[in-house]
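Q: Mind having a look at this structure? Questions to follow.
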Amino acid sequence: MAGEVKKSGKMTVFRSDRHEDMAAMVLVGCLVVAVLCYMAFIVPTVTVGAPSDGKIVSIAVSESGMVQKGEPLYTFEVKEKKWTQGKVEEKLVTRDIKSAASGKVLKVVAKPGDELKKGKPIVVLEHEKGTLP
Amino acid sequence: MEDKGIFGKIAAILPGLAFMVGTLWVLRTYVEPWMANAVLFGQKGWLIKVTHLNYILLAIIVGMLYRNVLFGGKIPAWAEEGFRTTRLFIKAGVIMLGSLYTIQSLAKVGGIAILLIMTFVFGTIFFVMFFGRLMGMERSMIGVMGAACGVCGVSAAIATSPAVKAKPSDVALAIATILGFGIMTMFISPFIGKALQMSDYQFGAWVGTGILNSGQVLATCLAFNPTIAPGTAVAYGEIWNVVRVISIPFVVFFITMWYWRAEAEAEHMSLGRILKEKFPVFVIGFFGMTFLSSVGALGAEGSNTLHLMRDVMSWIFGIGLVGQGAYIDIREIKTAGGKPLKVGLAAGCLKYAVALLVIMLFVSKESSF
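Here you go:
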């Protein structure tokens with residue numbers, strides 16, 4: 743055991759590798775709990791952004807309205823490309839984007855017809871406390 | 268070390284730790300965005316697109332510069348205790364890395380890809396173990412090189428290193444070998460693909476299996492066909508690459524068991540006893556995170572929660588990697604000699620050639636998905 747301590751002593755502040763392993767697990771445990779608690783109880787609002795470049799077809803929610811997890815938030819039109827026989831084929835596809843969390847719609851930032859880049863905000867939600875947005 | 272008490276120890280750690288955190292902050296806040304926007308050779312973001320430098324590699328490189336240039340070969344006393352937290356952060360980062368994988372994502376990809384990739388991943392690891400032993404390499408170095416060549420370079424080498432007690436210079440050598448091999452194959456693969464009239468599916472499958480680094484898989488596929496769309500080489504290459512990356516937990520576990528089994532034999536102890544006394548228990552934490560991620564306890568895929576979790580992980584990893592770089596002594600790499608390089612290159616070339624042969628013989632030109 744003394745040999746092990748000597749071998750690892752150069753690169754650790756802990757008494758042994760086992761202590762360091764346990765400390766790493768405790769550190770991660772604390773970080774995970776902190777992130778989950780922060781997201782579930784502290785973070786005030788969540789912004790839902792465009793999943794890719796595309797166009798808003800319709801918005802299914804209105805400001806101050808409530809939305810449940812899994813209910814549609816908006817319909818999004820994207821250009822889907824497919825490479826077949828050495829050529830790119832493009833077609834327009836519409837997708838219903840569902841809410842990842844239940845909560846109150848605070849703000850609808852985008853409107854139907856808006857062309858958006860990936861990540862641009864569409865809806866701002868105040869999610870139900872205790873759920874993970 | 269004299270007994271300073273808990274507060275004295277924490278105070279001794281702070282300067283070095285603050286230096287590592289500050290370095291990472293500068294890299295992520297200023298250097299990475301600057302590299303993404305800088306125009307070089309008439310192309311915006313050339314530095315990132317061509318060199319694939321990300322915060323992982325930047326942190327290691329800057330750490331190496333600190334030790335070997337700024338500090339003149341030795342970490343100064345004021346920073347020493349802080350830099351000794353390096354492995355704590357690397358281990359914590361490896362545990363959190365488990366959150367990137369879910370059992371469901373493996374099931375999505377399909378039988379052929381899983382079978383082929385797992386065969387190549389473990390085949391390469393066995394080859395490195397065999398050839399490395401033949402060349403008289405240290406087992407820690409064999410473990411890291413096996414992971415690096417078998418899976419997907421940088422992440423696998425880093426994830427395996429603490430479990431097999433590898434030296435930072437071992438990790439640096441493994442990473443340098445596979446990145447060097449990747450750069451070489453990045454340039455020749457598109458020519459081979461065109462010469463053999465490979466389809467996008469075949470080329471993506473080959474490169475996704477044979478090239479050892481995720482960024483380089485992407486670049487090579489785009490050099491073969493610059494279109495990004497389902498059905499192109501880059502789409503198939505990434506699917507293949509994802510399966511290889513998902514195999515990291517299994518590879519870490521396999522190599523860890525291989526290493527400790529031999530340790531037990533060397534110390535004339537039972538495997539059970541050595542596992543109880545010396546097994547790196549943080550590996551269990553890694554699997555714990557994969558389990559939590561698979562049951563959705565860390566938030567749904569694409570959710571803001573999981574996004575924040577991964578951001579925290581990248582910071583924890585990044586702090587450890589600055590320290591890891593600072594423990595890489597260039598003189599140690601020189602004294603390690605050419606053995607690891609030879610073993611890594613032999614494993615890389617063999618995998619690259621056999622993958623090409625298998626795909627040309629057994630994989631059809633059109634994909635089933």
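First to last, the protein sequences are chains B and A.
For the first sequence, position 117 matches number 859 in my numbering, and the numbering has no gaps at all.
For the second sequence, position 42 matches number 309 in my numbering, and the numbering has no gaps at all.
We put the CB at the ideal spot given by N, CA and C, even for glycine.
(1) Just checking my contact of V329(A) with G592(A) at CB under 8 Å: how many whole Å lie between their CB atoms?
(2) How many Å lie between K749(B) and P435(A) at the Cα?
(3) Which residues of chain A have a Cβ atom closer than 7 Å to the Cβ of A765(B), listed in chain order?
(4) Just how far apart, CA to CA, sit A423(A) and L858(B)?
(5) What residues from chain A crowd round T754(B), counting only those whose CB sits closer than 9 Å?
(6) Can you check the segment 302-343 of chain A for any alpha helix (DSSP H) of at least 4 residues that lies completely inside it and give the ranges in chain order?
(7) Could you please tell me which residues of the segment 566-592 of chain A, in chain order, have their CB closer than 8 Å to any CB of chain B?
(8) For Y619(A), which residues in the same chain have their Cβ closer than 7 Å to its Cβ, ignoring the five residues on either side in sequence?
(9) Output the boundary residues of the beta strand (DSSP E) element that contains H869(B).
(10) To which residues of the same chain is P854(B) closer than 8 Å at the C-beta, ignoring the five residues directly before and after it?
(11) Looking at the strands, I want to know which residues DSSP matches up with E857(B).
(12) Output the boundary residues of the beta strand (DSSP E) element that contains D358(A).
(13) Does K526(A) pass the burial test, meaning 16 or more other C-beta atoms within 10 Å, or should it be called exposed?
(14) Let's test the definition: count the other Cβ atoms within 10 Å of the Cβ of Q267(A) and tell me whether it reaches 16, buried, or not, exposed.
(15) Considering Cα atoms alone, identify which of F350(A), K311(A) and L325(A) is closest to P282(A).
(16) What whole-angstrom Cβ distance do I646(A) and L588(A) have, given they're in contact under 8 Å?
(17) Name the two residues that bound the continuous alpha helix (DSSP H) containing K606(A).
(18) For G552(A), go through chain C and note every residue whose CB falls closer than 9 Å to its CB, in chain order.
(19) Could you list which residues in chain A have their beta carbon closer than 7 Å to that of P875(B), in chain order?
(20) Residues of chain B with CB under 8 Å from I280(A), in chain order?
(21) Shortest alpha-carbon distance to F549(A) belongs to which of G539(A), I586(A), V395(A) and S428(A)?
(22) Return the residues of the segment 836-856 of chain B that lie within a Cβ-Cβ distance of less than 9 Å from chain A, sorted by chain order.
(23) Would you mind reading off the limits of the beta strand (DSSP E) that contains L479(A)?
(24) Note down, in chain order, each residue of its chain lying with its Cβ closer than 7 Å to the Cβ of A346(A), except the 5 sequence neighbours on either side.
(25) Quick test of the definition: if touching needs 3 or more C-beta pairs under 8 Å, does the segment 606-616 of chain A touch the segment 383-399 of chain A?
(26) Roughly how many whole angstroms lie between the Cα atoms of E805(B) and V847(B)?
(27) Give me the Cα-Cα distance between V512(A) and V418(A), rounded to the nearest whole angstrom.
(28) Does DSSP put G807(B) in a helix, a strand or coil?
(29) Counting Cβ pairs closer than 8 Å, one from the segment 559-575 of chain A and one from the segment 771-787 of chain B, do we hit at least three?
(30) Run through chain A and tell me which residues come within less than 8 Å of M808(B), C-beta to C-beta.
(31) Measure the beta-carbon distance from I595(A) to L291(A) and round it to whole angstroms, keeping in mind my assumption that it falls under 8 Å.
(32) My guess is that V809(B) and S758(B) are in contact by the Cβ rule of under 8 Å, so how many angstroms apart are they, rounded?
(33) Could you give the DSSP three-state label for G390(A): helix, strand or coil?
(34) With distances taken Cα to Cα, identify the nearest neighbour of V438(A) among G449(A), I409(A), G460(A) and P457(A).
(35) How should Y816(B) be labelled, buried or exposed, when 16 other C-beta atoms within 10 angstroms of its C-beta is the threshold for buried?
(36) Residues bridged to R837(B) by DSSP?
A: On the basis of the coordinates in this document:
(1) 6 Å
(2) For K749(B), the predicted model reports a pLDDT of 40, less than 50, meaning its position is unreliable; a value from the coordinates is still stated below. When rounded, the distance between both Cα atoms is 13 Å.
(3) L355
(4) 37 Å
(5) R351, T352, T353, R354 and L355
(6) 313-318 and 322-332
(7) G566, A567, G569, S570, N571, T572, L575, M576, V579 and I583
(8) T452 and G477
(9) P863 to H869
(10) I798, V799, S800 and I801
(11) K797(B)
(12) Note on identity: in this sequence residue 358(A) is Lys, with Asp being the wrong assignment. Per DSSP, K358(A) belongs to no beta strand (DSSP E); it is in the alpha helix (DSSP H), T353 to L364.
(13) Before going further, note that residue 526(A) is Tyr rather than Lys in the sequence given. So Y526(A) ends up on the buried side.
(14) Outside the shown range of chain A, which is 268 to 636, sits residue 267(A), and nothing can be said about it.
(15) F350(A)
(16) As shown, chain A starts at 268 and ends at 636. That puts residue 646(A) outside it, with no answer to give.
(17) K606 to F629
(18) Absence of chain C from the displayed structure is noted, the protein chains being B and A.
(19) S570, N571 and T572
(20) V755
(21) S428(A)
(22) A842 and A843
(23) Run containing L479(A): none; DSSP gives neither H nor E here.
(24) P282, G283 and F286
(25) yes
(26) 5 Å
(27) 6 Å
(28) coil
(29) yes
(30) Those within 8 Å of M808(B) in chain A number zero; the least Cβ separation is about 19 Å.
(31) So it is not a contact: roughly 17 Å between Cβ atoms.
(32) Rounded, the Cβ-Cβ distance is 52 Å, inconsistent with contact.
(33) helix
(34) I409(A)
(35) buried
(36) F818(B)
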